[in-house]
Structures are given as structure tokens and as C-alpha cells.
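Chemist: So my numbering is basically just the index in the sequence shown, starting at one, shifted up by 142.
Quick reminder that beta carbons are idealized off the backbone N, C-alpha and C, glycines included.
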Amino acid sequence: MEIVEVDLESEISRETAIALGNFDGIHRGHQTLLKEVVEMSKRLGCRSSVLLFKNHTNNLTEGISQELLMSQSQKREILESAGIDIVYEMNFDEEIMRLSPEAFVAEFLAEHLKVKGIVVGYDYRFGFKARGNVDTLKMYCRQSNMDLVVKDAVTYEGHAISSTNIRRAIKDGRPDVAATLLGRPFSIRGTVVRGKQLGRKIGIPTANLLFNTHYVAPKFGVYFARVLVDGTCYYAATNVGTNPTFDEREIKVESYLYDYDGGELYGKTIDVELLRFIRPEVSFQGVEELKARMDEDLALIYRGIREEEFTK
């Protein structure tokens, strides 16, 4: 898969079919767009592509720092596995925010990116103040002689799957629901760093990640998790929170990996998949009380793994 940085003045020579949207989390609804654009590219005899903004549009349009469902590297990996040939990446700035819907389609997509076909979701909006919608897109595509496919919503329990609902599930401590909507577990990627090594001192060593990518913050507490290290998955007990027992403030992700014997993890990039919420984070009276509760958590999760209760 090729990554191509573009702006409004870029001139692309190769024709593509392109999927448009925020692709925030690349949930099951987004995945139908990716499948469709790959099929469209074969039908049109060109390459498949996706347009991604490197910064979330809400950062500029709503003036907020949007919490993320995945990092850019995770997004690229999923797009590649979906069969996408080219990812066009660009900054969402004032210039493109003020671009009219017609100019976005006729000038940027048709003339500059040489787009032959477009795939969008049923609720796609574009152009200045989101004035463009599916109906206006149909008109502009006819004028520019571009194919268009509009995909219906993918639903869960009668509601359209959305990134907003996935964030809510993660914040509410329902990673199983988030996984159903995403089509895979919610995963936090990061580099293992040295902590205070308290876990090692009490016989429960953990791999510690700093919460430095602006992920949506899961409900604080202990989770049954799966951790990917160097291509191998290990079941784990993961704590997400701020260690209130020791009056800390920084959000941390700390995982105890079952059956791991691969040596030091410091400096390794790992993926922590949250599978099931076990209990909320609480403040203990001291280290001994904390260790006793951690032992209970580990025993509960290990029993669930042995009985395949947590792995279904």
C-alpha cells in the first residue's frame, strides 16, 4: 500500500476509485465502504484509494481535541489488510474547510486526484459548513462523469453503527460492545516504558504504556485483555487508570501478561486489546491491600481463561 501526501494543489497522474469519510475507528460501517471501493476499482480498471485527514475534522470545525479510536499506524494497517492500494493523506485546515462542495468534487477530486469513482456512506457530508450531501454529490458526479456508490447504514440493535456509540461503549466499560461495533477489539498501541516497578517488587510485573496517543479514555479499572508482542498474543490482566492508591494523576495502561517468557519488554511497541471489564479502579489503604486484590483479579481472570469463559 502506498501513502501519498496531498494538498489542494497536488496533481496526481494515476486514476483511482476513492472512499470518502472520517474513517474514525474504521468500524463495521466503514468496512463496507472499503470493500465496495476495492470492487469498484476492479470494475473501473484503476487502483483503490482512501482520503484521510491527518487531523480529525472536529479539531477545527468544533474546536475540540477529538478522542481517537485508533492511531494513524493502526489505521494504515487496517486499510492495507482491506486491500486498499493508495492512501491519500492531507491536513484538514482552514483552506479545505472553506472549500465549496462543488470545488471539492469537480476541482480537487476530479481534476487534481483523477478520481473515476467515489464510495461514501448514506450520511456523508462535505464542503464548506458541510453543505454538500449525498444528493449534491450525485449531481456533481454526473457532471464530472464519475461513478458513485452510496452505502446504507450498518446497524446494531436497530441503530446505525457510529464512532460516537463506540466511544460511549468504551467510556462505559463495555469493550465487548465496542468490539461488536468495530468488528475487532478496541486496541491501545504504545511503547513499553519503565514505571515505578511496584508490580515487579510485589511479584506482579507489568508492561506499562504511557497514554500518549490521544485515545478515547476507557472506564478506569481492571480488564481481561489480550496483548500482542512481536506477533504473538498473550492473555493479560490490564489496569487502566491513574493509580489512586499512590495519588498519581497520569493515565497509565499496565498489563500483566500470562505465560510470557520473552524477556524484557522495555522499548517494545505492543498492542493492548481490551476484551472484558472486570472491576472499577479503587484506592487501597496500602501496598499489601493492593497486592491482595490484584492476586484476586489475576486468579479470577486465569480461572476464566482455563475454563474458556473469557475467551469465547
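(1) Exposed or buried, what is residue 159 when buried is set at 16 or more other beta-carbons lying within 10 Å of its beta-carbon?
(2) Using a Cβ-Cβ cutoff of less than 8 Å, which residues in the same chain neighbour residue 283 once the five nearest sequence positions on both sides are dropped?
(3) Please go through the same chain and pick out, in chain order, the residues whose beta-carbon is closer than 6 Å to the beta-carbon of residue 413, but skip the five residues on each side of it.
(4) Let's test the definition: count the other Cβ atoms within 10 Å of the Cβ of residue 230 and tell me whether it reaches 16, buried, or not, exposed.
(5) Let me know the beta strand (DSSP E) ranges lying completely inside the region 227–292, each 3 residues or longer, listed in chain order.
(6) The alpha helix (DSSP H) with residue 318 in it runs from where to where?
(7) Residues bridged to residue 432 by DSSP?
(8) Between which residues of its own chain and residue 327 is the CB-CB distance below 8 Å, once the five residues before and five after are set aside?
(9) Can you name, in chain order, every residue of its own chain whose Cβ lies under 8 Å from the Cβ of residue 343, other than the five neighbours on each side?
(10) According to DSSP, residue 332 sits in a beta bridge with which residue or residues?
(11) Is residue 444 helix, strand or coil by DSSP?
(12) Please state whether the Cβ-Cβ distance between residue 397 and residue 349 is less than 8 Å.
(13) Looking at C-alpha atoms only, which residue of 264, 209, 148 is the closest neighbour of residue 232?
(14) Alpha carbons only, please: which of 374, 270, 441, 400 is nearest the one belonging to residue 411?
(15) Taking just the CA atoms, how far does residue 156 sit from residue 380?
(16) Whose CA, out of 184, 186, 221, lies closest to the CA of residue 165?
Modeler: According to the structure data:
(1) buried
(2) 247, 260, 289, 290
(3) Excluding residues within five positions, the ones whose Cβ falls inside 6 Å are 329, 331, 370.
(4) buried
(5) Runs of beta strand (DSSP E) with 3 or more residues, each lying fully within the region 227–292, are found at 228–232, 257–263, listed in chain order.
(6) Note, residue 318: alpha helix (DSSP H), 317–324.
(7) Looking at the DSSP assignment, residue 432 forms no beta bridge with any residue, so it has no partner.
(8) 317, 320, 321, 368, 415, 416, 417
(9) Here residue 343 scores only 49 on pLDDT, less than 50, and its place in the model is too uncertain to base an answer on.
(10) 412
(11) helix
(12) yes
(13) 148
(14) 374
(15) Taking C-alpha positions only, residue 380 is separated from residue 156 by approximately 46 Å.
(16) It is 221 whose Cα lies nearest to the Cα of residue 165.
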